[in-house]
Amino acid sequence: MGKAFAGKVAIITGSGHGIGRETALALAAEGAMVVIATRTQSQGREVLEAIESGGGKALFRRIDLGDHLEARAMVDEVASSLGRLDIVVHAAAAYDGGRIETTSLEGLETVLNVNVKACFTLAAAALPHMRGGGGGRFIVISSVTGPLVSMPGSAFYATSKAALTGFIRTAALEFAADKVTVNGVEPGLIDTPGLAGFVARYGEKAISGYIPLGRLGHPREVAAVVKFLASDEASYVTGETIVVDGGGRLPESPLVVR
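Residue numbers for the sequence shown follow this note's numbering, beginning at -14 and rising by one.
So this is what it looks like as structure tokens:
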């Protein structure tokens, strides 16, 4: 029985840990050549070794997504050296917390550079290569924070993630003629390194009490949705964002931690 992504090339940003890491492992297990694009070399090398030890194929590319020329060059280099580009998953994210009145616009610029501007850069760079290959998948890891729920102290992050909703819908329209689908995933409270401080502050038991399924999500549960959106089975899905949050954003279960 063949593997779903055999012969395909996938770039996954932020794949050194958390959701990006699990996505890289999931696509590689199904035959994709995975490009691990992350800023931290030690994490990238660890994921590379994990994939290769399991019989998968991967490359590591250290990338600073705040440098948009570097991000574009990385996409072009990968597509040129490997001969194709089928899937891009933008899982990298920056976070700068604090109340609006005490935060700086420099922090906002950092968050927007990675979460939003890099998304534009990656998509613009990837489209010609995907077009030349007959189509592709562009998937954005967003968040329920911003588009669906709000939390004090997360204005920069929430603003960036809300902006991605508009990007996903517009890019889906613009890329459709080239058979490139554009979709998003909005995770809720997922047990990742980025959530560690939040869990330490409020306690996992207390946080889980706001979630109808009664627990934090696992990164692999988000990766499973990404894998679907990247697959041939999702060929007629575009401009959509799938929520993966254990029911936490439902009106009868508001998550507002003050």
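Note that the Cβ used here is the ideal one computed from N, Cα and C, for glycine as well.
Could you pull out every residue in the same chain whose Cβ sits closer than 8 angstroms to the Cβ of residue i, ignoring the five residues on either side in sequence?
| i | result |
| --- | --- |
| G169 | I124, V125, I126, S127, L149, T150, I153, E225, T226, I227 |
| I196 | G173, L174, D230, G231, G232, G233, S238, L240 |
Please state the DSSP three-state secondary structure of residue i.
| i | result |
| --- | --- |
| L174 | coil |
| I36 | helix |
| G120 | coil |
| A(-5) | strand |
| F(-10) | coil |
| R186 | helix |
| S127 | coil |
| V241 | For V241, the predicted model reports a pLDDT of 48, less than 50, meaning its position is unreliable; a value from the coordinates is still stated below. V241: coil per DSSP, three-state reduction. |
| T8 | helix |
| K164 | coil |
| I85 | helix |
| L44 | strand |
| I196 | coil |
| G232 | coil |
| H2 | coil |
| T223 | coil |
| A22 | strand |
Which residues in the same chain have their Cβ closer than 6 angstroms to the Cβ of residue i, if we skip the five residues on either side of it in sequence?
| i | result |
| --- | --- |
| G279 | The chain is shown from -14 up to 243; residue 279 falls before or after that span and cannot be answered. |
| A157 | V167, T223, G224 |
| V184 | none |
| H53 | T106 |
Return the CA-CA distance between residue i and residue j, expressed in angstroms with no decimal places.
| i | j | result |
| --- | --- | --- |
| T8 | A208 | 5 angstroms |
| L112 | V165 | 8 angstroms |
| A14 | D217 | 16 angstroms |
| E94 | L10 | 31 angstroms |
| S220 | T87 | 45 angstroms |
| E55 | L214 | 27 angstroms |
| T155 | E34 | 37 angstroms |
| L50 | A(-5) | 17 angstroms |
| R122 | V210 | 13 angstroms |
| I192 | V134 | 15 angstroms |
| G39 | S89 | 44 angstroms |
| L235 | V129 | 11 angstroms |
Would residue i be called buried (16 or more neighbouring beta carbons within 10 Å of its own) or exposed?
| i | result |
| --- | --- |
| K(-7) | buried |
| R200 | exposed |
| F141 | buried |
| E91 | exposed |
| E171 | buried |
| G245 | Only positions -14 to 243 of the chain appear in this structure, which leaves residue 245 out of reach. |
To the nearest whole angstrom, what separates the beta carbons of residue i and residue j, a pair I think is in contact under 8 angstroms?
| i | j | result |
| --- | --- | --- |
| M115 | L180 | Going by Cβ atoms, the distance from M115 to L180 rounds to 32 angstroms, so no, they are not a contact pair. |
| G3 | P204 | 5 angstroms |
| L107 | V32 | About 19 angstroms separates the two Cβ atoms, so there is no contact after all. |
| G16 | F(-10) | 5 angstroms |
| R47 | Q28 | Actually they are not in contact, since the Cβ atoms of R47 and Q28 sit about 10 angstroms apart, beyond 8 angstroms. |
| A110 | R57 | 4 angstroms |
| N98 | K146 | Not a contact, Cβ separation roughly 14 angstroms. |
| A43 | V73 | With a Cβ gap of about 15 angstroms, A43 and V73 do not count as contacting. |
| A79 | V63 | So it is not a contact: roughly 22 angstroms between Cβ atoms. |
| D176 | G120 | Not confirmed; about 34 angstroms, so no contact. |
Who are the near neighbours of residue i in its chain, counting only those whose CB is closer than 7 angstroms to its CB and skipping five residues on each side?
| i | result |
| --- | --- |
| T144 | G131 |
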